[in-house]
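In the working numbering, the protein residues as written are -3 to 115.
Here it is as structure tokens:
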């Protein structure tokens, strides 16, 4: 039994955000594509991921994938901060900024139960 985990989008917590035990764990193939655009008033950000866990012993692999796109517009203020340590955009630079944000997210966890609690 091997444990796989993820910090999610932050590593601020002392333990992983997600964790699962996988039996007969073989190899893992993971890919991420990120895009970021900023200007004085606009921020556009998107990310796509795929994670395949290959299992040994003839067991079926596990495949999860998804992504998000988000955009924001500064109604009041100009410019966005940037966190170089985590390579992510930060808050608006202006004091008392007003930001309008929209986000779309899709994640397929490849769960055969499709949300139904069939034990």
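All residues carry an ideal CB built from backbone N, CA and C; glycine is no exception. These numbers were taken from a predicted model, which means no experiment stands behind them.
CB contact flag (residue i, residue j, <8 angstroms)
i: residue 78; j: residue 85; result: yes
i: residue 14; j: residue 60; result: no
i: residue 67; j: residue 49; result: no
i: residue 41; j: residue 32; result: yes
Nearest residue (CA-CA) to residue i, options the options
i: residue 99; options: 16, 63 and 17; result: 63
i: residue 93; options: 106, 101, 105 and 70; result: 70
i: residue 12; options: 52, 31, 0 and 96; result: 0
i: residue 72; options: 53, 23, 97 and 14; result: 97
i: residue 25; options: 82, 46 and 103; result: 46
i: residue 53; options: 19, 37 and 80; result: 19
i: residue 103; options: 65, 90 and 81; result: 65
Three-state class that DSSP yields for residue i in the structure shown
i: residue 25; result: strand
i: residue 14; result: strand
C-alpha distance - residue i paired with residue j, whole-angstrom precision
i: residue 74; j: residue 44; result: 28 angstroms
i: residue 21; j: residue 10; result: 25 angstroms
i: residue 34; j: residue 2; result: 27 angstroms
i: residue 101; j: residue 28; result: 15 angstroms
i: residue -2; j: residue 37; result: 46 angstroms
| Curious, which full-length beta strand (DSSP E) runs of at least 3 residues does the segment 22 to 110 contain? | 38 to 51, 58 to 72, 76 to 79, 84 to 88 and 94 to 104
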